[in-house]
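Residue numbers (my numbering), protein chains in the order written: chain A, 581 to 1145; chain B, 581 to 1145. Some notes on the structure that comes next.
Protein chains: 2
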Amino acid sequence: MLGSAPSDVSVGALPVDLVPLGGLGEFGLNMMAISCGDTTIVIDAGAMFPEADQPGVDLIVPDLAYLESRRGQVRALVLTHGHEDHIGGVPYVLPHVLGPLYAPPLALALVQPKLEEHDITHGPGLVPIGPNDVVTIGPFTLEFIRVTHSMPDCVAVVIRTPQGVLVHTGDFKVDQTPIDGEAFDLPRFAQLGAEGVLALLCDSTNIDRSGFTGSERDVEVAFEELLTRTEGRLVVATFSSSLHRLQILVDLAAEFDRKVAFIGRGMNENSQIAQRLGRLHVPTGVAIKDSDVPNFPAQEVLCLVTGSQGEPNAALSRIAINDHRYIRLTERDRVVISARAIPGNEKAIGRVLNHLARRGVEVVTESDKHVHVSGHGASEELKLMLSLVRPRYFIPIHGEHRQLARHARVAKVVTSGLPKPTAVLMPLDGDIVRFDGEGGRLFDKAPAGRVLIDSTRVGAVNDEVLRDRRHIAADGVVVPVVAINRQTGEVEGVPELLVRGFVAADAATLLAEGAAMLIGVIRQCGVEERTDPGLMRERIRTEVRRYLRKRTGRRPLVLPVVMEI
Amino acid sequence: MLGSAPSDVSVGALPVDLVPLGGLGEFGLNMMAISCGDTTIVIDAGAMFPEADQPGVDLIVPDLAYLESRRGQVRALVLTHGHEDHIGGVPYVLPHVLGPLYAPPLALALVQPKLEEHDITHGPGLVPIGPNDVVTIGPFTLEFIRVTHSMPDCVAVVIRTPQGVLVHTGDFKVDQTPIDGEAFDLPRFAQLGAEGVLALLCDSTNIDRSGFTGSERDVEVAFEELLTRTEGRLVVATFSSSLHRLQILVDLAAEFDRKVAFIGRGMNENSQIAQRLGRLHVPTGVAIKDSDVPNFPAQEVLCLVTGSQGEPNAALSRIAINDHRYIRLTERDRVVISARAIPGNEKAIGRVLNHLARRGVEVVTESDKHVHVSGHGASEELKLMLSLVRPRYFIPIHGEHRQLARHARVAKVVTSGLPKPTAVLMPLDGDIVRFDGEGGRLFDKAPAGRVLIDSTRVGAVNDEVLRDRRHIAADGVVVPVVAINRQTGEVEGVPELLVRGFVAADAATLLAEGAAMLIGVIRQCGVEERTDPGLMRERIRTEVRRYLRKRTGRRPLVLPVVMEI
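In structure tokens, the structure reads:
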């Protein structure tokens, strides 16, 4: 069956529409619908996290109006791998899907707790797929190809359609010495290229970087040196989904006779899931609980912690202000940020580093030592994909406008020497690309946008609502204004809650009691937290939202103003 | 006289106090007071710009309470060079100084317009100084040493005191092939080291970077290639104070037969001042006015523009949304960001780059080509300074807590092999370091902090007030909330101004008219500007401040909320 697809556009066959619903014009939120006749399939269902200037929401997922318009025809959701920007929207998308969820086992395992949390049991089934598996869904035949990335178990998807073969790379870099030994299937891409590919949809994340990204293994040397040199605890902050990184660190810890503590919720959950699936191997006796850290000599401990982006509530932020339940650092300990700063997070990360410096803790970042390597291919790897696949059409995906534009430009240069140079299409979210007898082109617009998720934990229940921007506007805006003495950390005057479009019975009492509640909350924080406006804003936001939710059932946008006096 | 200073701490002599008033614990705001007996001198008087989460102010300068406490005894202000973080506070500091302002000619020329704007004529005089000049002020004898940096005419300051010799490096890197031929006086630092230095105060900005920063000349190759390859206009955004960079670009433009247009207020002012002083040489016939740009063929134009940090009102931001009076870019033009992103500005810069990508303009940044080189020495250069000067005490200056801490750590390692290892002191703003018969140590606290400057241009008059945080709190908070349709850019509903602690006669009318004013302002903006929340926030902030200032004379903190619907 493989290799039988037409290598050129078919005249007379049903048209095929590519409908990008997220990730083309932004980082995160990756989602692509593909429709032909009465069948739609969806590749990935990503989420993104709000920016600092978008407070009031916890998660953003793509607008699902297009899927609603295809009601009854969405016959599969396919995941390329288990990162949040590819799976975070699954609980919201899956109810629109009549057929199974297909995903590599690790991605499925990472989705599972999300489904449980949302009480979703997907009748049509959760189907694990692996490299070289083939699945037919209506007019589409899917094949999966192993690619390498910063986590194990990632695939590209080949979609054979009546118009020709589509190749969707997912996220990838070309790691030629993968930690788990699962090699990037370059030959298969070359084979497809030889057979003829209608369109290549390729990750654009790192098109700005020259050269070759390099293997996950490249960080080993730096960590060996750090483990040798560090006389106290070594604390490494990284993404809990960077399982190759975790494996390297666990292996080195065992070699250097250190115990490993996974600290922070995501770190705990992900390491457990990965161990269960055999995707993370922790030798017996190496792992210890966070509560056991104080019981071991400092130089025998490696802590793997969440918070590499300076998130105020993550483990590293709490440790930095000496407010973690079990971890108290001293001048002999060392902290490593083994992650890049996601643009917009620089200030928050800087705050954490300054708090650590205040404790005398040495911090090692990417700019000091090779303690991080990207999971996305740089420009030479992206060119390599083009050179192997040699598609008739090229569509850059996964990037902001400027990465897509650059990738488009690079693709033209790379393929200019081909007998039939590749045509480049550059759709953004909502731009429908149609392939039919006339070839491929931007054809129409589909509804696209973002839906904001607001989850307020009231007590133990994770109470969550799906809202579009209009709903949030309708729920009003609350601006808590708090003045804090920057020397003492004391609240000056009385906090006030300014409101707009927020109507509640007995509003005056509600707001006055809210202000009193805030004074109490702030008093309970340590001085270091009280004099850090970033941490205080986050704390006030959380507490005011919880308070209003509990008392009124409303979810206004909460935008705290912290004035240092 | 040189070389006669004691190489060790003097018993019985008057104690000397170093009083850092800014720049030790933050970037910017550099200012150091040095007191002995009844004489105080001040090295530098810097400002810093507010962060994105500190709206409502335009400029921040150090708290001057310490200088007020030394009233009548402050006998000189010395500037090391002409960057804003060293001279931006001069109009506020100079009125506290009884003696002259000493500075290199270029720094003086850059200060002059600020003084005029503030109507300050400094009776005791503005005294130009140069390398090797010696000035005696009470118990202090000052000598200046040529250093290299990203602008011409920079010096380090040697201060001979009754306790020994202090060396204050100012900002520097070791540029061994300076554009202006003015070499870093390494031999003089070595000589001072041989004579014996009590304390070295050294720039810490780039202690995080390994290796050697490299010469300003290092960008020439990249720009030669860009000038060759670019078929349309080449637009380069850089700091207008980076005069070496401007010189390189002007010279290359002349060589490649392009006219040069200086675009944006700072670019115009600084290039004129530098030309007047012979610090920027523009060959006859090369410079053209911004209004002339449309009259020349695109491939014959090089534009030097402000806005490398994504500042919403700077030339590059206006150009990016096609809203500049004279510059309209096409797909054949190319934009270069020849500057680093100051942490916190990444998002704003990213927005500008996406707008440019939308117009099909190719953008080149530091990550693509070597189009920027830092003005601050990396760790090897900072170690070199230590190795030459071999001080008894080392005090890291100019950095956030973590840079200072790291520099302190590096200094211990570098000097550990000396017969008398260097002692490291790490004061932060307001920590008084005393040198006396007992040696050097953290001795006491001086008042230190920040003063916020709020300048509202009402008509032609630049009406400015100096306020501390308490004053700003007292003037209240105004939160304009505007909902904008993200597709059409239309205002949805009626904007509202929420207020706290802002009392005005007839407040209801004032706020209602303010909301109406806002609708008018937003209607006048282009769609691209209206659908960019970052630009809208800045526009709304400016307009509301101006409106309230005009109508009430009050200056509340204005914190716009832009909701995309």
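Yeah, the Cβ is synthetic: ideal placement off N, Cα and C, and Gly gets one too.
Among the options, the one whose alpha carbon lies nearest that of residue i
| i | options | result |
| --- | --- | --- |
| ARG1134 of chain A | A:LEU601, A:LEU598 and A:VAL1057 | A:VAL1057 |
| CYS1105 of chain B | B:ARG1080, B:PHE1015, B:CYS782 and B:ASN893 | B:ASN893 |
| THR716 of chain A | A:PHE836, A:LEU657 and A:GLY791 | A:LEU657 |
| GLY750 of chain A | A:CYS782, A:THR741, A:ILE929 and A:ILE759 | A:CYS782 |
| LYS694 of chain B | B:LEU829, B:GLU811, B:PRO671 and B:ARG797 | B:PRO671 |
| GLN1185 of chain B | B:ALA593, B:LEU686 and B:MET611 | Because chain B is modelled from 581 through 1145, residue 1185 of chain B falls outside the range shown and cannot be assessed. |
| GLU1076 of chain A | A:ASN1065, A:VAL1124 and A:ILE1145 | A:VAL1124 |
| LEU678 of chain B | B:ILE700, B:ALA689, B:GLU697 and B:ARG655 | B:ARG655 |
| GLY602 of chain A | A:SER918, A:ALA1087 and A:ARG1030 | A:ARG1030 |
| MET1151 of chain B | B:LEU857, B:VAL873 and B:THR818 | Because chain B in this structure spans residues 581 to 1145, residue 1151 of chain B falls outside the shown range and cannot be described. |
| ILE1102 of chain A | A:GLY1081, A:PRO1060 and A:PRO923 | A:PRO1060 |
| LYS963 of chain B | B:ILE1145, B:VAL816, B:ILE787 and B:LEU832 | B:ILE787 |
| SER795 of chain A | A:LEU1128, A:LEU772, A:MET731 and A:ASN712 | A:MET731 |
| ARG838 of chain A | A:THR808, A:LEU860, A:HIS824 and A:LEU857 | A:THR808 |
| ILE709 of chain A | A:GLY662, A:ARG1066 and A:VAL840 | A:GLY662 |
| GLY890 of chain A | A:PRO1136, A:LEU647, A:CYS616 and A:GLU1118 | A:GLU1118 |
| ASN934 of chain A | B:GLY979, B:ALA958, B:LEU936 and B:LYS949 | B:GLY979 |
Bounding residues of the alpha helix (DSSP H) (the contiguous stretch that carries residue i)
| i | result |
| --- | --- |
| LEU1183 of chain B | Residue 1183 of chain B is absent from the structure shown; chain B starts at 581 and stops at 1145. |
| GLY1019 of chain A | Looking at the DSSP string, GLY1019 of chain A is not in any alpha helix (DSSP H); the run it does join, the beta strand (DSSP E), is 1019-1025. |
| MET965 of chain B | 959-969 |
Terminal residues of the beta strand (DSSP E) in which residue i lies
| i | result |
| --- | --- |
| LYS753 of chain A | Per DSSP, LYS753 of chain A belongs to no beta strand (DSSP E) and is neither H nor E. |
| LYS839 of chain A | 839-843 |
| ALA593 of chain A | Neither: ALA593 of chain A is in no beta strand (DSSP E) and is coded neither H nor E. |
| PHE724 of chain A | 720-727 |
| TYR906 of chain B | That residue, TYR906 of chain B, is in no beta strand (DSSP E); it is neither H nor E in DSSP. |
| ARG740 of chain B | 734-741 |
| THR886 of chain A | Counting along the chain, THR886 of chain A falls outside any beta strand (DSSP E), and DSSP gives it neither H nor E. |
| ARG1080 of chain A | 1071-1080 |
| GLU1144 of chain B | 1141-1144 |
| GLY744 of chain B | 744-748 |
| LEU781 of chain A | 779-783 |
| LEU814 of chain B | 814-817 |
| SER615 of chain A | 611-616 |
Residue i at chain B interface by Cβ criterion, 7 Å
| i | result |
| --- | --- |
| ASN934 of chain A | yes |
| LEU1078 of chain A | yes |
| SER947 of chain A | yes |
| GLU980 of chain A | yes |
Interface flag, residue i vs chain A, CB-CB below 7 Å
| i | result |
| --- | --- |
| ASP788 of chain B | yes |
| LEU1139 of chain B | yes |
| ALA1003 of chain B | no |
| ARG938 of chain B | yes |
| GLY526 of chain B | Within the shown structure, residues of chain B are numbered from 581 to 1145, placing residue 526 of chain B beyond reach of any answer. |
| GLY930 of chain B | yes |
| HIS950 of chain B | no |
Whole-angstrom C-beta distance between residue j and residue i, which should lie under 8 Å
| i | j | result |
| --- | --- | --- |
| PHE792 of chain A | GLU960 of chain A | 5 Å |
| CYS734 of chain B | PHE752 of chain B | 7 Å |
| LEU998 of chain B | ARG970 of chain B | 6 Å |
| ALA736 of chain A | VAL727 of chain A | 5 Å |
| LEU896 of chain A | THR910 of chain A | With 8 Å as the limit, LEU896 of chain A and THR910 of chain A do not qualify as a contact, their Cβ atoms being about 16 Å apart. |
| ALA842 of chain B | LEU806 of chain B | According to the sequence provided, residue 842 of chain B is Phe. The question's Ala does not apply to it. That belief does not hold up - the Cβ atoms of PHE842 of chain B and LEU806 of chain B are roughly 18 Å apart, past 8 Å. |
Chain D contact residues for residue i, given Cβ-Cβ distances below 7 Å
| i | result |
| --- | --- |
| VAL943 of chain A | The displayed structure is made up of protein chains A and B, and chain D is not among them. |
Could you run through the region 1056-1068 of chain A and flag, in chain order, every residue whose CB is less than 8 Å away from some CB of chain B? VAL1057, VAL1059, VAL1061, ALA1063 and ARG1066
Contacting positions in the region 985-998 of chain B - beta carbon closer than 8 Å to chain A: The residues in question are ALA985, ARG986 and ARG989.
Using a Cβ-Cβ cutoff of 8 Å, what residues of the region 914-928 of chain B are near chain A? List them in chain order. Close to chain A, meaning a Cβ-Cβ distance shorter than 8 Å, are the following residues of the region 914-928 of chain B: PRO923, GLY924, GLU926 and LYS927.
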